[in-house]
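Colleague: The structure under discussion is supplied below as structure tokens; questions concerning it will follow.
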Amino acid sequence: MSQVVTKSSGGMLSPNNLTEAMAFSEMLASSQMVPPAFRNKPQDIIVAIQWASEVGLSAMSALQGIAVINGKPSMYGDTLLALVTGHAQYAGHKEWLDADEAHCLIKRKVNGEVCETERTFSMGDAQRAGLMNKAGPWKQYPKRMLQMR
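This is the structure we're talking about:
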């Protein structure tokens with residue numbers, strides 16, 4: 266039988282083929298250290314790890330930073346912010362709340378120049394999107410959700 270996983274140069278366990286990936290994900294799926302959404306779901310683990318690797322996340326970061334919302338993989342806001350701040354073009358950012366509206370200004374270096382992009386998201390936007398009508402983090406932590414949005 267082939268070795269299930271090997272160590273990559275970074276010390277991380279790395280499956281070499283689909284069979285090894287499945288064995289790795291089955292081991293993870295049986296662990297109490299993965300989020301409940303991934304427990305006993307090795308196929309979901311493989312998809313999450315593959316999806317995350319395409320944007321530069323490690324396997325373990327994938328399991329902690331990806332949420333499945335309405336059947337679609339999404340990243341938690343802190344995970345997205347880590348990807349942004351780690352990007353080669355990142356030149357800084359600023360976040361602030363103005364009443365019930367969150368603002369985010371991102372600066373990136375493009376062809377030697379700093380470009381700024383500002384976006385806002387308000388409680389009114391959240392209401393129109395139906396985010397306030399159900400139990401969950403929008404009702405429990407509205408300012409945090411505005412920030413992450």
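Our numbering applies: residue 266 is where the sequence shown begins, and numbers increase by one.
We treat Cβ as the ideally placed atom computed from N, Cα and C, and that holds for glycine.
Nothing here was measured: the structure is a model prediction, and the numbers come from that model.
(1) Please state if the CB of residue 368 and the CB of residue 381 are separated by a distance shorter than 8 Å.
(2) Looking only at DSSP bridge pairs, what is residue 374 linked to?
(3) Excluding sequence positions up to five away, which residues of its chain have a Cβ less than 8 Å from the Cβ of residue 328?
(4) Could you compute how far the alpha carbon of residue 401 sits from the alpha carbon of residue 374?
(5) Would you identify the three-state DSSP class for residue 321, choosing helix, strand or coil?
(6) Any idea what DSSP makes of residue 306, helix, strand or coil?
(7) My understanding is that residue 280 touches residue 291, with C-beta atoms under 8 Å, so please give their C-beta distance in whole angstroms.
(8) Since residue 370 and residue 383 should fall inside the 8 Å C-beta cutoff, what is the C-beta to C-beta distance between them, to a whole number of angstroms?
(9) Name the residue from 287, 355, 397 whose alpha carbon lies nearest to the alpha carbon of residue 379.
(10) In whole angstroms, give me the CA-to-CA distance for residue 388 and residue 366.
(11) Using 7 Å as the cut-off, classify the Cβ of residue 306 as near or not near the heavy atoms of the ligand FMN, replying yes or no.
(12) In terms of residue numbering, what span does the alpha helix (DSSP H) encompassing residue 296 cover?
(13) So is residue 334 buried or exposed if we call it buried at 16+ other beta carbons inside 10 Å?
Modeller: Here's the rundown:
(1) Numbered from its first residue, the sequence shown carries residue 381 at position 116. Numbered from its first residue, the sequence shown carries residue 368 at position 103. Not in contact: residue 381 and residue 368 (Cβ atoms no closer than 8 Å).
(2) For the purposes of this step, residue 374 is taken as the residue at position 109 of the sequence shown. Paired residues: 379.
(3) Within the sequence shown, numbered from 1, the residue matching residue 328 stands at position 63. So the qualifying residues of the chain are 293, 299, 300, 303, 310, 313, 314.
(4) Residue 401 sits at position 136 when you count from the first residue of the sequence shown. Residue 374 sits at position 109 when you count from the first residue of the sequence shown. Taking the straight line from one Cα to the other gives about 37 Å.
(5) As a first step, residue 321 must be located in the sequence shown, where it is residue number 56. In the structure shown, residue 321 adopts coil according to DSSP, grouped into three states.
(6) Along the sequence shown, one-based indexing puts residue 306 at 41. When DSSP states are grouped into helix, strand and coil, residue 306 belongs to the coil group.
(7) In the sequence shown, counting from the first residue as 1, residue 280 sits at position 15. In the sequence shown, counting from the first residue as 1, residue 291 sits at position 26. Not a contact, Cβ separation roughly 11 Å.
(8) Taking the sequence shown and counting its residues from 1, one reaches residue 370 at position 105. Taking the sequence shown and counting its residues from 1, one reaches residue 383 at position 118. Sure, about 5 Å apart at Cβ, within 8 Å.
(9) On the sequence shown, position 114 is the one that residue 379 refers to. Comparing Cα-Cα distances from residue 379 to each of 287, 355, 397, the minimum goes to 355.
(10) The sequence position of residue 388 within the sequence shown is 123, counting from 1. The sequence position of residue 366 within the sequence shown is 101, counting from 1. Residue 388 and residue 366: Cα-Cα distance of roughly 6 Å.
(11) This structure lacks the ligand FMN, and indeed carries no ligand of any kind.
(12) Translated into positions along the sequence shown, residue 296 becomes position 31. Unbroken run through residue 296: none, as it is neither H nor E.
(13) Locating residue 334 in the sequence shown gives position 69, where the first residue counts as 1. Counting Cβ neighbours within 10 Å, residue 334 comes out exposed, since fewer than 16 surround it.
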